[in-house]
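Below is one structure, written out as C-alpha cells; comments come after it.
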Amino acid sequence: MKRSFKLGKETIGSLDLTITVSSMMIGVGILTLPKTLARVTLSSDGWMSIVLAGTLGIVCAWIMAKLAGRYHGEGYFAYASSIITKPAALLWTTGMSLYYIIFCAFEIRAIANISKQYLFERTPVEIIALTFLLVTVYAAAGSRIGLIRLNTLFLPLVMSISVFVLLFSIPLFHYSDMKPFFITDWRKVLGGAKESVFSVLGFEVVLFYTSLMKRPDKAPKAAMLGVALTVLLYLTVYVIAVGVFSHQALKEVTYPAIELAKEMQVPGEFFERFESIFFTIWIMTIFNTSAMAMDVAVNNLGHLFRKMKRQQGVFLLSPVVYLICMFPENGIEFNMMGTLVNYGGLIFVILMPCLIYGVALIRRRKPYGNT
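Numbering of the sequence shown is given in UniProt numbering, commencing with residue 1 and proceeding in unit increments.
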C-alpha cells in the first residue's frame, strides 16, 4: 500500500512568516554591502543609508502584507486581476516569474564563485553551481510548508553564528576608525540608501506565503519584524566592519563579512579557519533564498499554465536556471547580471505591488467573501 508523508500542520504562524522574510532577505548582498557603502559614503556614515533603506523596506513589507491579507481568500493573481484587470495581472505575473528565475540563477552563480574562492579552489565553478542547483531543486520540488520549516531550522543557526562572529570581532574594533561622524553629503547618503535597498529586497515573499497563514491579519506585523531583524543584522555587520578594517581599507575588501570571520580571535585558538565554518553555515540561508525564489517562480508559472504540476515546473526551470547562471563569463558580466536583478526587483517587487495596493485603496474594493 502506497503511503505519502504529510506534515503535521498545513498552515504557518506569524513567527514562521517572520523567519521566512528574514531568510529570503539574508543572502549574498550582506557579504558585499559594507564594501559598497564604503565606496559611496564617507567615514562610518553608511549606517544612515542602511536605516533609510530599512525604513523603506519595512513600509513596503507592511503594504504588501496588508494587500495579501486583505484578499486572503483569493490567490494574488486572482486579486491582482480584479484590481488592475487580467491582462495587466498576467503581464505582472510573467515579469515576476522571469525576475525570480534570474534571481535564483544569480544567487547560485554568486555562491559558486564565493565557494570556489574560499572552499573549493580546484573545483570548477560549473560543478559547484550544478551541485548547489540540484540541492535547491530537491527542496523546491517538495511542499511549500516543508520549505518554510527549513527556514525555521536553518535561520536560528545562521543568526547564532553571525552573532558569534560579531562578538569575537569586538576586540579588533577601533572606535577611532568610526570618526568623524555626519560628514557625508545627503546626496551620497541617498546614493548609499539606493545601494542598500538592493540588499533588503526579499520581503515581497509575504505576497506568496501569507496565503498559508492561519491568521493572515498578523502578517503585517510579522513581515515588519522580519525586515527589522535583517536590517539590524546588516547595520551591526557594517559598523563592526568599519571599526575593524577602517573606512579606506573596507573599500578594497571583497567580502567583508567573510573576512570578519577570518580576522576574529577565538580564545584558546580553538578554530584556526573559522571563515570556512562561517561560510558553510552561511550557505544554508543562501540555499533557502534560492529554493524560495524557485518556489515563487514555479508558483507564478502555475497561474499562467494551469495544467502544469509543481514538480514539472521545477524540473523544467532547472536547466533554464543553470544556463542563465553560467551565462556570465567574467566578473564584469556577472556584475551586469546583478544590476539587472537589482533594478528588476525595484520594478516588480516594490513598485508594482505598491501601485496595486494604491489602486485597491482608490477603488475601495471589498475583500473576497465580505458583503
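All C-beta atoms, glycine included, are put in the ideal place defined by N, C-alpha and C.
Sequence-distant residues of its chain with Cβ nearer than 6 Å to residue i (five each side left out)
i	result
Gly-57	Val-200, Phe-203, Val-227
Thr-36	Glu-195
Met-24	Gly-202, Val-205, Thr-289, Met-292
Gly-344	Tyr-99
Ile-12	Ile-148, Leu-212, Met-213
Lys-6	Residue confidence for Lys-6 is low, a pLDDT of 49 falling below 50, so the modelled location carries little weight; the figure read from the coordinates is stated next. Correct list: empty, nothing qualifies.
Gly-95	Phe-348
residue 372	Since the first residue of the chain shown is 1 and the last is 371, residue 372 is not available in this structure.
Leu-301	Ser-97, Gly-313
Val-325	Just to set this straight, residue 325 is Cys in the shown sequence, not Val. Here the set comprises Ala-105, Ile-108, Arg-109, Ala-129.
Leu-225	Thr-18
Buried versus exposed call for residue i [16 or more other C-beta atoms within 10 Å across all chains shown]
i	result
Phe-287	buried
Thr-85	exposed
Gly-331	exposed
Leu-33	buried
Ser-318	buried
Thr-285	buried
Ile-30	buried
Thr-123	exposed
Tyr-238	buried
residue 374	Coverage of the chain is limited to positions 1 through 371, which leaves residue 374 absent and any answer about it impossible.
Tyr-234	buried
Gly-358	exposed
Ser-14	buried
Ser-49	buried
Met-336	exposed
Ser-81	buried
Pro-87	exposed
Phe-182	exposed
Ser-97	buried
Val-163	exposed
Ile-161	buried
Leu-91	exposed
Gly-369	Residue placement at Gly-369 is poorly supported in this model, since its pLDDT is 44, which falls under 50; the coordinates still yield a value, given next. Counting Cβ neighbours within 10 Å, Gly-369 comes out exposed, since fewer than 16 surround it.
Phe-274	buried
Thr-230	buried
Thr-184	buried
Pro-171	exposed
Leu-351	exposed
Tyr-138	exposed
Leu-323	exposed
Leu-232	exposed
Ile-356	buried
Leu-250	buried
Contact set for residue i: own chain, Cβ-Cβ below 7 Å, skip 5 residues either direction
i	result
Val-165	Leu-260, Ala-261, Met-264, Phe-278
Leu-125	Note on identity: in this sequence residue 125 is Val, with Leu being the wrong assignment. Closer than 7 Å at Cβ, skipping near neighbours: Ala-112, Asn-113, Lys-116.
Val-341	Ile-102, Phe-103, Phe-106
Lys-219	Note on identity: in this sequence residue 219 is Ala, with Lys being the wrong assignment. Within the same chain, Ala-219 has close Cβ partners Leu-17, Ala-65, Ala-68, Gly-69, Val-206, Thr-210, Met-213.
Cys-354	Cys-60, Ile-63
Ser-276	Tyr-118, Leu-119
Asn-299	Phe-208
Val-253	Lys-35, Phe-245, Glu-259
Leu-155	Ile-19, Ser-22, Ser-23, Thr-285
Contacting residues, own chain, Cβ-Cβ under 8 Å from residue i (five flanking each side not counted)
i	result
Thr-136	Cys-104, Ile-108, Phe-287, Ser-290, Ala-291, Met-294
Phe-120	Ile-128
Arg-363	Ile-83
Pro-169	It should be noted that the sequence gives Ser, not Pro, for residue 169. The answer, listed in chain order, is Ile-240, Val-244, Leu-260, Glu-263, Met-264.
Ala-141	Arg-310, Gln-311, Val-314, Phe-315
Val-51	Val-231, Leu-235
Supposed close pair residue i, residue j - CB separation, criterion 8 Å
i	j	result
Val-321	Leu-133	6 Å
Ala-223	Ala-53	About 16 Å; that fails the 8 Å criterion.
Ile-281	Leu-157	6 Å
Ala-38	Gly-27	With 8 Å as the limit, Ala-38 and Gly-27 do not qualify as a contact, their Cβ atoms being about 20 Å apart.
residue 372	Phe-198	The structure shown has nothing for residue 372, since the chain only spans 1 to 371.
residue 374	Thr-93	This structure does not reach residue 374, given that the chain is present from 1 up to 371, and the question cannot be answered.
Glu-10	Ile-145	6 Å
Contact with chain B by residue i, beta-carbon distance below 8 Å
i	result
Lys-221	Among the chains in the structure shown there is no chain B, since it carries only a single protein chain.
Proximity test, residue i beta-carbon vs the ligand HEM heavy atom, cut-off 7 Å
i	result
Pro-319	Of the ligands one can find in the structure shown there are none, so the ligand HEM has no counterpart to examine.
Is it true that the region 63-73 meets the region 302-315, where meeting means three or more beta-carbon pairs spaced less than 8 Å apart? These segments do not touch.
Using a Cβ distance threshold of 8 Å, determine whether the region 175-189 contacts the region 41-50, with at least three qualifying pairs required. yes
Three Cβ pairs or more, each shorter than 8 Å: is that satisfied between the region 149-157 and the region 8-21? Here the region 149-157 lies against the region 8-21, with 3 or more beta-carbon pairs under 8 Å apart.
Would you check if the region 236-246 and the region 169-186 touch, i.e. whether three or more CB-CB distances between them fall below 8 Å? Between the region 169-186 and the region 236-246 there are three or more inter-stretch CB-CB distances shorter than 8 Å, so the stretches are counted as touching.
List, from N- to C-terminal side, the alpha helix (DSSP H) runs of 4 residues or more that fit wholly inside the region 3-37. 14-25
What runs of the alpha helix (DSSP H), each 4 residues or longer, lie entirely inside the region 263-325? 274-304, 310-325
Ranges of the alpha helix (DSSP H) found wholly within the region 169-236, counting only runs of at least 4: 186-200, 206-209
Output the residue ranges of the alpha helix (DSSP H) runs that lie fully inside the region 96-158 and measure 4 residues or longer, sorted by chain position. You should have 125-140.
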